[in-house]
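See below for the structure under consideration.
Protein chains in written order, with the UniProt record's numbering: chain D, 1 to 121; chain B, 1 to 121.
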């Protein structure tokens, strides 16, 4: 089993999520495990096409597969998307902090404006 | 301006997030706007390399750029990552529901097991 760094894992999982069919497969597997044949039929795709998508999801750790006889069954990997959610949440915090800082600058400019107003004696 | 469907937008934004440098650029721009030259220097990259990354982020709507004179300044787009966070949250709900369903099946199996125990008179 290949060990990825946290960064390489995020690269692989965000890349895996960048395709509507692969997102659909994850949603489907969250409902029930399925064979590659089932998934190919459901997503109107060739077996070869679906195999490629599953490989991308498998490499990202989002899906695990098991071959019993001639049937390869897919289910969700243990990893989930917690790290991806955490990255997006951290980014939102930075973003909000940026807009808060902007609000403060505007407030300071307004306060400055009031100070600059000619005093009335 | 090209209008994307919600699906195509998710494809583009998750693909944009699948590279550590591009995620770093977003984090950097959440702190302060910057020119492409600044970003290339900060991420130890050629100007051409950084321009390509910025184009990917721009196409995904995550970054906007403005050229004033010879300097192209980058800042965060208005879009943010709310849709991406929502997709991941929705997926987690499905996932949790699946594990809840599994818990229920186990509980029912256990209840069944108790019923099947020989009655003592």
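Note that CB positions come from ideal geometry on N, CA and C, so glycine has one too. Just so we're clear, the structure is a prediction, and the values are computed from it rather than from any experiment.
Check                                                                                                                           : Outcome
Cutoff 8 Å: residue 38 (chain B) Cβ touching any chain D Cβ                                                                     : no
Rounded Cβ spacing between residue 29 (chain B) and residue 76 (chain B) (contact assumed at less than 8 Å)                     : 5 Å
Contact with chain D by residue 31 (chain B), beta-carbon distance below 8 Å                                                    : yes
Opening and closing residue of the alpha helix (DSSP H) in which residue 73 (chain D) lies                                      : Note, residue 73 (chain D): premise wrong, no alpha helix (DSSP H); beta strand (DSSP E) at 71-76.
For residue 67 (chain B), the residue or residues it bridges with in DSSP                                                       : B:72
Exposure label - residue 62 (chain D); buried when at least 16 CB within 10 Å                                                   : buried
CA nearest to the CA of residue 27 (chain D), picked from B:82, B:35, B:92 and B:19                                             : B:92
Assigned exposure category for residue 137 (chain D) - 16 Cβ within 10 Å defines buried                                         : Absent from the structure is residue 137 (chain D), since the part of chain D shown begins at 1 and ends at 121.
Rounded distance between the beta-carbons of residue 14 (chain D) and residue 43 (chain B), thought under 8 Å                   : Contact doesn't hold; Cβ gap of about 18 Å is too wide.
Beta-carbon spacing of residue 73 (chain B), residue 84 (chain B) below 8 Å                                                     : no
Positions along the stretch 8-23 of chain B whose CB lies within less than 9 Å of some CB in chain A                            : In summary, chain A is missing from the structure at hand, where the protein chains are D and B.
Proximity of residue 71 (chain D) and residue 35 (chain D) at Cβ, strictly below 8 Å                                            : yes
Contact set between the stretch 91-107 of chain D and chain B, restricted to residues whose Cβ is under 8 Å from the partner    : 91, 92, 94, 95, 97 and 98
Min CB distance residue 27 (chain D) to chain B below 8 Å                                                                       : yes
C-beta contact flag for residue 53 (chain B) and residue 21 (chain B) at 8 Å                                                    : yes
For residue 34 (chain D): DSSP bridge partner residues                                                                          : D:74
Neighbour list for residue 54 (chain D) in chain B, Cβ cutoff strictly below 8 Å                                                : The premise fails here: residue 54 (chain D) is roughly 17 Å from chain B at the closest Cβ pair, so nothing lies under 8 Å.
Spatial neighbours of residue 51 (chain B) in its chain, beta-carbon cut-off 7 Å, leaving aside the 5 residues before and after : 36
For residue 114 (chain B) and residue 108 (chain B), the rounded distance between their alpha carbons                           : 10 Å
Cβ shell of residue 1 (chain D) (< 8 Å), same chain only, five flanking positions each side left out                            : For residue 1 (chain D), the predicted structure reports a pLDDT of 43, less than 50, and the residue's modelled location is therefore unreliable. A value from the coordinates is still provided. Taken in chain order, the list of residues that qualify is empty.
Residue 81 (chain B) at chain D interface by Cβ criterion, 8 Å                                                                  : yes
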